[in-house]
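Respectively, the protein sequence lines represent chains A and B. Here the first sequence stands for residues 3 to 590, numbered as in our numbering. Here the second sequence stands for residues 1136 to 1424, numbered as in our numbering. Yeah, the Cβ is synthetic: ideal placement off N, Cα and C, and Gly gets one too. Note that the structure is a prediction, hence the values are computed from the model and not measured.
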Amino acid sequence: MTNVDIVIEICGSAGEGTISAGEILSRFMSSQGFEIMSFDSYPSEIRGFGKCVAHSRISNRKILSPGKYADILIALKDAHSISQLPSLRETGIVIYDNKPPNYLEEDKSIAGWIEPGMISYGVPLLELAQKAAGNSRGRNMVAIGALAALFQIDDEAMKASIRSRYAKKKQIVIDSNLNSFQEGFEWSKKNITKIDPYTFRNVRLKKSNKSRAIINGNQAVAQAALDSGLHLYAGYPITPATKIMEILSKELPKKGGIMIQTEDEIAAIGNVVGAGFAGKRAMTATSGPGFSLMTELANLAVMAEVPAVIINSQRGGPSTGVPTKTEQSDLNIALSGGSGDSPRIVIAPTTVEECYLGVSLALYLAEKYQTLVVVLLDFFLSNSIRNIPMPEPINKKWLKGNIAPTKTELKDYKRFKNTESGISPRAIPGTPGGMFVTTGLEHSEQGKPQYDRETHHQMTRKRFRKIQNAINEAPKPQWRGPKKDISVGVIAWGSTAGSAQEAVIKAQKEGIKAALMSSMLISPLPADSFRKFSKACQKILVPELNYSGQFANYLAPYLNRPIERLNMVTGLPMSAEDILDKIREMAN
Amino acid sequence: MEVLKYSYLDEKIDEVKEQGFLNYRTSELPTWCPGCGYFGITHAMVQACDALGLKNEEICVASGIGCAGRYPIFMKAYGFHTVHGRSIPIASGIKLARQDLTVFAVGGDGDILGIGGGHLPHIARKNIDITLFLFDNSIYGLTKGQTSPTTPLSQVTNSHSQGNPDTPLRPVFLALAHGASFVARCYAGDVEGMKNIFTQAISHKGFSFLHIVSPCVTFDKVNITWKRLRENFRAVPSVHDPSDYRAAIQMAEDPRPIFGLFYHDPSRQSYQENLRGKRSPENSKSSER
């Protein structure tokens, strides 16, 4: 029995079937019992020959990060694949078209660019595709066939996967794909002499893995919303959050809910705040530019104490920025975007599983604490495909959050009663005797505009105080690794936490006393846990995908000590290797 | 049409304070200037709610910012005084969440046609069942007399000392063009007329657009004054058929305002009916356009 931990990248042009080949591969591997983490990168344009890369890490053990270097590169388009070579391992394998169309100049063929030490397997992709189906479209399946032959993948099982992927298509499409696969498989078996050590045969696999859900972050968000009593989703299309809207438009009406596509993000958050006021669960999902537009009404939710949930799947910014690349640079705006002192709850899931948990928690906390809750995903997390155990059922307690006024309280009803916890019982429209007016102006306990200094001071304190208890309701921060004498303590947030965990495990194997702390709840910050962790560490490292170190800056006053930073804005997820290098440097 | 009659609250402040409130009014006294047309609008709204027998707790009023924006504070209902320009999306959200509630959106000319102007075409075409009360005094009153989207051309304001260079918008024409299923113009000095139209608008299943022309007694002493409105008041001809879209458009093009019900398409499906898939374009006049 062997262990497998392989990264395969398929690189081609937009519209060439690059992403679908990756999807077939991931689904097949998952069905065999492997653990997978897949992540596609593609240009903003739908066609136009932009570069697409389908990246899949396949392992029979737990996967924490997407992996920095590929072991196998399948080159569907030579020009793009040449630029992908730097992310191939020094001893990696390239599967390429050794009989490319004759208009391709020789120096444009990837064959001339493969470094010594790498292994290359030439397969006549185009020729075989034409032979199989009479056109060039099946090159991706020829390549998958070659892959199956070279690495001892069960070809019959794989064909079943292809069949199911195209099940809804015409028979001719299914046949062309299967024939192309077969051509690639047979040709490679006959003509290629294998000289690499990789194989998928005789791997110890867990049977239970086979029944796992294949799901990305956006799907997990939508599923959580459906399972947590969402009534209204209002949204405006924006990469990388659009998929959430598309799923909910199909699924929400089945549960009696409504998906409304609005004229802009302002109307979307307006609808959400309106529905929240009316006593129903509502949310919207967007990315940085849309979130920027939403800040004024998000502030209103804070001031008027109305539940509202915004999912922000971060992409490269500022402005329109880098729409199809990942970044963690909307933390500042999530924490304090808008005018004035406006406390809100911020949740940043670190994994696809936590996307499910986090959104369910967000809908509950928004309702209970009568305020804005921002859930920060990022392009990587939204699109990162995992095969995970089916999510745990929603905590029943989380399905009902509102605290309604009692009959006695309604007699002299003060909607914004300054209670000890800061939470004031909230009457839902339709409740006799509960009528009140809520306003974005500073207001008295009755909700009437009132601007004297005592009111503004006390009400600001109330709004800050009331969210503090969320710390006790959210999952506790995760402390992984030794509990004392830590030489390098890594504090990571959002999707970077997975890579950080992998880096910490590798550092420990190298004898470095490293540990990790991460928390899904960012605001209010579970500061005690972070301080305790900090006290046990000689040095603290905060790796994050933004230039200015937004999380490190946010932590600094809580920890009151020097913080090492690792900041990258390459548009790619941070790799475990990058963090490990920094840990080694700090440990010396 | 005696103007003073409708600002009676100002004259009888103490008396009203003693009474507490009247049906749909809170004990809060409006912060509007004495003689403001908004008192009359408020009075008509109260009468319309009364005529329809609406339960206070089943009314939701969402407003924007400005003199009109203060409206929910004076009404005994569930009120949401929101931010500038956003009463339409907030009111829509309330209605989408709760079909059982009667939902009003209230805003001024700056609110609905300026900062929030982008929402008007979409609420009209979506036909969400809310009633929009556009309190149009053709000026930014709460910020003290700047040009608004309906300020007449060349009018001198605090932001245009040389006269307004912008051609004013025509709210009724816009609402018709965007496909609103109920469009009317009201005169703030005619409480009985407003009450009748408000009652119909609230009963209409779909989006109702109410353009209510009111003078700003403080910041416009020249153009849109009680005197001029009274003198130029013209009612929609009694022969006008409110289901006649083209006739409504023609009236809306008239530069001198006409007051009354312009257009009403009761057959048009509301947004939620459309969501449920009950589309029947053959029944809808607006879909012919």
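Counting the other CB atoms within 10 Å of its CB gives PRO395 (chain A) a total below 16, which places it among the exposed residues. Linking ALA287 (chain A) to SER536 (chain A) through their CA atoms gives a straight-line distance of about 34 Å.
At a cut-off of 7 Å between beta carbons, GLU1192 (chain B) contacts chain A.
HIS1254 (chain B) carries a helical assignment under DSSP once its states are collapsed to helix, strand and coil.
Under the three-state reduction of DSSP, SER1227 (chain B) is assigned to helix. In summary, MET392 (chain A) is exposed, with fewer than 16 beta-carbon neighbours lying within 10 Å of its beta-carbon over all protein chains present. Within the region 77-129 of chain A, the complete beta strand (DSSP E) segments of 3 residues or longer fall at 90-99, 121-125, listed in chain order. THR1302 (chain B) sits exposed, since fewer than 16 C-beta atoms from the chains shown fall within 10 Å of its C-beta.
Contact check for SER1227 (chain B) and GLY276 (chain A): beta-carbon distance about 6 Å, within the 8 Å limit, so the pair qualifies. Secondary structure remark: continuous beta strand (DSSP E) runs of at least 3 residues inside the region 496-541 of chain A, in chain order: 516-520, 523-525. Per DSSP, reduced to three states, the secondary structure at MET1329 (chain B) is helical.
A straight-line Cα-Cα distance of about 32 Å links THR93 (chain A) and GLY219 (chain A). DSSP, reduced to helix, strand and coil, places TRP400 (chain A) within a helical segment of the structure shown. At a cut-off of 7 Å between C-beta atoms, VAL1218 (chain B) counts as an interface residue with respect to chain A. By DSSP's assignment, TRP481 (chain A) forms a beta bridge with A:MET519. For GLU298 (chain A), the C-beta contacts it makes with chain B under 7 Å involve VAL1218, in order along the chain. The secondary-structure analysis by DSSP pairs THR441 (chain A) across a beta bridge with B:HIS1216. Less than 7 Å divides the Cβ of LEU543 (chain A) from the Cβ of GLU566 (chain A).
For GLY140 (chain A), the three-state secondary structure derived from DSSP is helix.
Excluding five sequence positions before and after PRO239 (chain A), the CB atoms of its chain that fall closer than 8 Å to its own CB belong to MET247, GLN263, given in chain order.
With contact defined as three or more Cβ pairs closer than 8 Å, the region 1251-1258 of chain B and the region 1215-1222 of chain B are in contact. Scanning its chain for C-beta atoms nearer than 6 Å, with the 5 sequence neighbours on each side dropped, one finds around ARG59 (chain A) the residues VAL9, MET39, ILE65, PRO68, GLY69, in chain order. LYS110 (chain A) has its alpha-carbon roughly 10 Å from the corresponding atom of HIS82 (chain A).
The C-alpha of PRO103 (chain A) is placed about 59 Å away from the C-alpha of GLY278 (chain A). Contact of PRO1284 (chain B) with chain A is not assigned, every C-beta pair being separated by 7 Å or more.
With respect to the 7 Å criterion, PHE1268 (chain B) and ALA1319 (chain B) are not classified as neighbours on the basis of their beta carbons. Counting only residues of its own chain and dropping the five nearest sequence neighbours on each side, SER289 (chain A) has a CB closer than 6 Å to the CB of ILE240, ALA243, SER315, ARG317.
Taking 7 Å as the cut-off, the Cβ atoms of ILE488 (chain A) and ALA517 (chain A) count as close. Non-local beta-carbon contacts of THR498 (chain A) in its own chain, meaning distances under 7 Å to residues more than five positions away in sequence, involve GLN330, PRO545, GLU546, LEU547, MET576 in chain order. Contact annotation: in the region 449-483 of chain A, residues whose CB is within less than 9 Å of a CB in chain B are GLY449, LYS450, PRO451. Using a CB distance cut-off of 7 Å, PRO1165 (chain B) does not count as an interface residue toward chain A. A straight-line Cα-Cα distance of about 28 Å links LEU1304 (chain B) and GLN1404 (chain B). Close to PRO1207 (chain B), with beta-carbon spacing below 7 Å, are these residues of chain A in chain order: VAL439.
Proximity of VAL275 (chain A) to chain B, defined by a Cβ-Cβ separation below 7 Å, is satisfied.
SER182 (chain A) is positioned such that its CB atom lies closer than 7 Å to that of ALA131 (chain A). The count of Cβ pairs closer than 8 Å, one atom from the region 7-21 of chain A and one from the region 134-152 of chain A, reaches three, so the stretches are in contact.
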